[in-house]
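**Q** In the numbering used here, the protein residues as written are 2 to 230. Okay, here's the structure, questions in a sec.
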């Protein structure tokens with residue numbers, strides 16, 4: 002049976018539903034990404050590589066980690082220029098939503114004490130971060146500033162997303178440590194596990210194409226428009 006179309010020849014109902022799913026994945030994923038980063042802060046066993054950098058800059062500037070995350074996200078966009086990356090709705094949203102969600106979660110979650118709570122909190126934060134990455138990148142509205150480096154290098158070099166993500170995280174944690182960020186066992190665990198997790202969840206949350214039922218995994222950014230179904 003053919004899907005219904007609008008009287009003006011607009012998109013089919015299936016296309017509208019697909020767009021709705023993608024938008025939901027985008028914003029849920031970004032919010033969960035910020036929340037997962039906050040869980041790693043609360044665990045106190047070492048932040049993710051970008052969090053190490055954000056923490057160091059936050060201590061130097063006196064700003065919250067969430068605000069620093071927003072500023073760093075904007076600066077990282079400059080690194081897209083040599084990769085010829087194009088920002089999409091996901092890129093712009095990432096800059097703001099992740100930092101806001103992170104600060105909101107930090108203010109809502111009480112301080113935790115004892116390894117019996119902190120270790121599970123760390124593991125939950127890492128896994129949730131992988132889920133969040135898969136959700137918002139598979140929505141195909143363009144990766145965030147940081148993950149744009151991963152997908153851009155993936156396309157330019159032909160290397161796997163897993164390898165590109167791991168290489169970036171190792172470089173960032175070294176820079177963050179130089180700025181005074183805290184590195185711990187959680188940082189190492191995150192750096193070696195987030196690549197495989199992100200690659201796995203990209204496949205789990207791949208969105209079927211409207212035309213042929215195939216799926217999109219880390220697709221390219223929208224061309225010619227910020228919001229493109």
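All C-beta atoms, glycine included, are put in the ideal place defined by N, C-alpha and C. On a predicted model such as this, the values are computed, not experimentally measured, just so you know.
1) Considering just the uninterrupted stretch of the alpha helix (DSSP H) at residue 62, what are its terminal residues?
2) Between the alpha carbons of residue 205 and residue 131, how many angstroms are there, rounded?
3) Under three-state DSSP, which class holds residue 222?
4) Just the Cα atoms here: how many angstroms apart are residue 209 and residue 144?
5) Grouping DSSP H, G and I as helix and E and B as strand, with all else coil, what is residue 113?
6) Using the rule of at least 16 other Cβ atoms within 10 Å of the residue's Cβ for burial, across every protein chain shown, is residue 157 buried or exposed?
7) Can you check which of these residues, 43, 34, 146 and 58, is closest to residue 89 by C-alpha distance?
8) What residue from 189, 181 and 182 has the CA that sits closest to residue 168's CA?
9) Okay, do the segment 168–186 and the segment 99–116 touch, 3+ Cβ pairs below 8 angstroms being the bar?
10) Judging by CA-CA distance, which residue of 166, 119 and 181 is the nearest neighbour of residue 197?
11) By DSSP, does residue 17 sit in helix, in strand, or in coil?
12) Assess, as a yes-or-no matter, whether the segment 23–38 is touched by the segment 91–110 under the definition of 3 or more beta carbon pairs within less than 8 angstroms.
13) To the nearest angstrom, how far is the alpha carbon of residue 141 from that of residue 82?
14) Report the option in 109, 154 and 199 whose CA atom is closest to the CA atom of residue 40.
15) With a CB to CB cut of under 7 angstroms and the five nearest residues on each side skipped, what residues in its chain are close to residue 225?
**A** Looking at the atomic coordinates:
1) Within the chain shown, residue 62 is the residue found at index 61, counting from 1. That run of the alpha helix (DSSP H) goes 50–62.
2) For this step, residue 205 is matched to residue 204 along the chain shown. For this step, residue 131 is matched to residue 130 along the chain shown. Taking the straight line joining both Cα atoms gives about 11 angstroms.
3) Here residue 222 is taken as the residue at index 221 of the chain shown, counted from 1. Note on residue 222: pLDDT 41, under 50, position unreliable in the model; no value is reported.
4) Position 208 of the chain shown, counted from the start, is the residue given in the question as residue 209. Position 143 of the chain shown, counted from the start, is the residue given in the question as residue 144. For residue 209 and residue 144, the distance between alpha carbons rounds to 18 angstroms.
5) Looking up residue 113 in the chain shown gives position 112. Residue state, collapsed to three classes: coil.
6) Working through the chain shown from its first residue, we reach residue 157 at position 156. The residue in question, residue 157, is exposed, as its Cβ has fewer than 16 Cβ neighbours within 10 Å.
7) Residue numbering aside, residue 89 sits at position 88 when the chain shown is read from its first letter. Comparing alpha carbon positions, the residue from 43, 34, 146 and 58 closest to residue 89 is 146.
8) The residue given as residue 168 occupies position 167 in the chain shown. Checked all of 189, 181 and 182; the closest Cα to residue 168 is 189.
9) No, the segment 168–186 does not touch the segment 99–116.
10) On the chain shown, residue 197 is found 196 positions in, with the first residue counted as 1. Considering only alpha carbons, the answer is 166.
11) Residue 17 sits at position 16 when you count from the first residue of the chain shown. Helix, per DSSP.
12) Of all C-beta pairs linking the segment 91–110 to the segment 23–38, three or more are shorter than 8 angstroms, placing the two stretches in contact.
13) Within the chain shown, the letter at position 140 stands for residue 141. Within the chain shown, the letter at position 81 stands for residue 82. Residue 82 has its alpha-carbon roughly 20 angstroms from the corresponding atom of residue 141.
14) Position 39 of the chain shown holds residue 40. From the listed residues 109, 154 and 199, the smallest Cα separation to residue 40 is found for 109.
15) Mapped onto the chain shown, residue 225 falls at position 224. Below a pLDDT of 50, predicted positions are generally treated as unreliable, and residue 225, at 31, falls in that range; the measurement from the model is reported next regardless. Taking residue 225 as the centre and dropping the five residues before and after it, the same chain places no C-beta closer than 7 angstroms to its C-beta.
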